[in-house]
Amino acid sequence: MPPIAVLILITTLLRLAFAATTGLGVDESYMVAAGRTLSLGYFDHPPASWWLSWGAAHLFRSEAPVVVRLPFILLFALSQWLTYCIGRLIADRRAGFWAVVALNLSPVFGITTGTWVLPDGPLDTALLGAALCLLHALADDRRAVRWWAGAGACAGLALFSKYTAVLTVGGAGLYLLFSPRDRTWLARPGPYVAAAVAAFVFAPVLIWNATHGWASFAFQGDRALGLRFQPWMPFAVLGGEALFVLPWIWLPMMLLWIGAFRSGAPWTHRLLAWLAAPPIAAFALIAAWSSQRILFHWAAPGYLMLFPLLGEAIAARLHQRRVLRSIAWTAGLVLAALVIISTQLTFDWLGGSVAAIMRKDPTDEGINWTSIRDDLHRRDLLHDGDVVAVPNWRDAGKIAYALGPNVTTIVLNRDARQFGFVHPLGTYAGRDMLVLSMEPDQRAMNAAERWFDAIGKLPGVSVRLDDRVLRQVTVLQGQGLHPIER
């Protein structure tokens, strides 16, 4: 078996084990629970990741973490192969292999994108497919139109996964515009075939937005708006991205990125550098004025394009023992982190000591809150077909996933995200229902009173790992729901 196949197989098995021993995080729970109703579009992101988790749950008739994560793990296996193919194309097989090694060792890719139910999984696979097709299109004039069409299809799938794909697609346009070698393509049909195919694939997202007040576009667009000037924030964002990628991977990657723009650099390297440029630069610049927090993983597609360059550099320096030591040390660090996380979430061997070190014990976010469901069932307060209200979408995701698909969860908040589309409050006007809140009793009651004719207090339940209580849950009985907050 070729070394790259062995690498992909081993890392895929490790991800399956990690997925089976950890609960869904906040964003994952939200996507699975709010995505139980299939739709052409969704409030937060385009449909690809929502459809994948929905399809896996229905295919296997289970919402177990390993089941809903399976499509994303398999997509990352494909992403590894595509990274290898790009590395082999711009250099050789060794460059492709070590590019994949580095990709696996970078936490933002190897752990989160490679395992979790997030839009980044299908996004990265599609972007790598587009980059590979584009490289072939620019190198093979005889079959160029086919490769351009393939690049367009992959670009459309990337846009069908996450709107930020437009930045990487824009990088391809910038390369054509500024490349003396390939600028002539702008007068040929190839790029326009790609654009037409991408638009066709993306069309369902446009249709959904047009029929839903452009809600998703407006939500994502607001993140780039703001009026304050923060000149230090671009550096903070780049520093956070370095931590997510790993600083000792990020720094040489940045040097290779800059070097790819120099005169005399191969056109293949320059193309990858241009594909990387918009995501890396855009979010750092937006941070200087945006009133919204810039999340560090948003720029990850830019760094993704640089792994083949890093793989080539590693392959050229394998004779240096410090390079192999660094790779081995990083692999050990990542594996140790995975083991610690998965065993803590399974056996709670650290107990409450995590809370003594960190400001907040993150254990509750990494487990499924099924103890809430068990407690409510035990007290005969929860039945199939019931409606449960939660004050915010984040807690609603965790609670709705734990309660299961036979219980409807609604969000008592103007910012209900996708829950507001699949379960609009007006549908349940006048209904009585349980209200589950992570707030203390009195604050929970004060907030709920604005939505109901009357509120009653019931004994609370808890989020538990074995016998350790991680969070208390306030349980209220709401009578006569008002769809509009008073």
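Here the numbering used here = 1-based position in the sequence shown + 101.
The C-beta atom is built at its ideal place from N, Cα and C for all residues, glycine as well.
Can you name, in chain order, every residue of its own chain whose Cβ lies under 6 Å from the Cβ of residue i, other than the five neighbours on each side?
{"i": "leucine 451", "result": "Gln445"}
{"i": "leucine 372", "result": "Tyr276"}
{"i": "aspartate 554", "result": "Gln580 and Gly581"}
{"i": "leucine 190", "result": "Leu236"}
{"i": "arginine 565", "result": "Ser472"}
{"i": "tryptophan 351", "result": "Ala343"}
{"i": "arginine 474", "result": "Ala503 and Leu504"}
{"i": "leucine 482", "result": "none"}
{"i": "glycine 211", "result": "Asn205"}
{"i": "alanine 378", "result": "Gly272"}
So, for residue i: in the same chain, excluding its five sequence neighbours on each side, which residues have a beta-carbon less than 8 Å away from its beta-carbon?
{"i": "serine 443", "result": "Ala118, Phe119, Thr122 and Thr123"}
{"i": "glycine 126", "result": "Trp217, Glu466 and Gly467"}
{"i": "glutamate 164", "result": "Val133, Ala158, Tyr502, Gly505 and Pro506"}
{"i": "alanine 198", "result": "Correcting the residue identity first, residue 198 is phenylalanine in this sequence and not alanine. Excluding sequence neighbours, phenylalanine 198 sits near Pro104, Ile105, Leu108, Tyr185, Gly188, Gly412 and Ala416."}
{"i": "valine 168", "result": "Ala157, Ala158 and Phe161"}
{"i": "valine 338", "result": "Phe384, Ala385, Ala388, Ile395, Phe397 and Ala400"}
{"i": "leucine 175", "result": "Thr113"}
{"i": "leucine 278", "result": "Arg284 and Leu287"}
{"i": "leucine 219", "result": "Asp128, Glu129, Met132, Ser150, Phe173 and Thr213"}
{"i": "serine 563", "result": "Ser472, Ile473, Asp476, Val570, Leu571, Arg572, Gln573 and Val574"}
{"i": "valine 294", "result": "Val246, Trp249, Ala250 and Gly253"}
Looking only at its chain, what residues have a beta carbon closer than 7 Å to the beta carbon of residue i, apart from the 5 residues adjacent to it on each side?
{"i": "leucine 357", "result": "Leu407, Leu410, Leu411 and Ala414"}
{"i": "valine 209", "result": "Phe345, Val346, His398 and Ala401"}
{"i": "methionine 334", "result": "Ala388 and Ala389"}
{"i": "arginine 329", "result": "Trp390 and Ser392"}
{"i": "proline 380", "result": "Thr265, Leu268, Thr269, Ala400, Pro402 and Gly403"}
{"i": "glycine 222", "result": "Ser150, Phe173, Leu176, Phe177 and Thr214"}
{"i": "arginine 587", "result": "Arg551"}
{"i": "proline 584", "result": "Leu526, Gly527 and Ala530"}
{"i": "phenylalanine 261", "result": "Pro147, Pro148, Ala149, Val302, Phe303 and Val306"}
{"i": "lysine 558", "result": "Asp542, Met546 and Leu577"}
{"i": "glycine 251", "result": "Cys234"}
{"i": "valine 512", "result": "Val491, Asn493, Trp494, Ala497, Phe520 and Gly521"}
Can you tell me where the beta strand (DSSP E) holding residue i begins and where it ends?
{"i": "aspartate 475", "result": "Here aspartate 475 belongs to no beta strand (DSSP E); instead the alpha helix (DSSP H) covers 471-479."}
{"i": "glutamine 573", "result": "569-582"}
{"i": "lysine 461", "result": "First-last for lysine 461: undefined, no H or E at that position."}
{"i": "aspartate 490", "result": "Note that residue 490 corresponds to alanine in the displayed sequence, not to aspartate. Unbroken beta strand (DSSP E) run through alanine 490: 488-491."}
{"i": "threonine 509", "result": "509-512"}
Counting only beta-carbon separations shorter than 7 Å, does residue i have a partner in chain B?
{"i": "tryptophan 249", "result": "This model lacks chain B altogether; it includes just one protein chain."}
For a test of the three-state rule: what should DSSP assign to residue i, helix, strand or coil?
{"i": "leucine 219", "result": "coil"}
{"i": "valine 593", "result": "Coverage of the chain is limited to positions 102 through 587, which leaves residue 593 absent and any answer about it impossible."}
{"i": "serine 563", "result": "strand"}
{"i": "serine 454", "result": "helix"}
{"i": "phenylalanine 553", "result": "strand"}
{"i": "methionine 539", "result": "coil"}
{"i": "methionine 534", "result": "strand"}
For residue i, report the span of its alpha helix (DSSP H) as first-last.
{"i": "valine 346", "result": "334-346"}
{"i": "valine 523", "result": "520-523"}
{"i": "arginine 371", "result": "368-387"}
{"i": "glycine 365", "result": "Segment: none, glycine 365 is in no alpha helix (DSSP H) and carries neither H nor E."}
{"i": "alanine 400", "result": "Here alanine 400 belongs to no alpha helix (DSSP H), and DSSP marks it neither H nor E."}
{"i": "glycine 498", "result": "494-504"}
{"i": "serine 392", "result": "Element bounds for serine 392: n/a, residue is neither H nor E."}
{"i": "glycine 322", "result": "316-322"}
{"i": "isoleucine 111", "result": "104-121"}
{"i": "serine 443", "result": "422-448"}
{"i": "leucine 411", "result": "408-417"}
The stretch 332-348 in contact with the stretch 380-398 per 3-pair CB rule at 8 Å: Touching, yes, given that three or more Cβ pairs across the two stretches are closer than 8 Å.
Mind listing, in chain order, the continuous alpha helix (DSSP H) runs of no fewer than 4 residues lying wholly within the stretch 240-306? Taken in chain order, the unbroken stretches of alpha helix (DSSP H) that lie wholly in the stretch 240-306 and span 4 residues or more are 245-260 and 266-279.
Which ranges would you report for the alpha helix (DSSP H) in the stretch 123-171 if only whole runs of at least 4 residues count? Runs found: 127-135 and 149-161.
Meets three-Cβ-pair contact criterion under 8 Å: the stretch 535-549 and the stretch 486-493: Yes, they touch.
Three CB pairs or more closer than 8 Å across the stretch 430-440 and the stretch 224-239: Not touching, per the Cβ criterion.
Under 8 Å: do the stretch 135-150 and the stretch 302-322 share three or more Cβ pairs, one atom per stretch? In this structure the stretch 135-150 touches the stretch 302-322; the number of beta carbon pairs closer than 8 Å is three or more.
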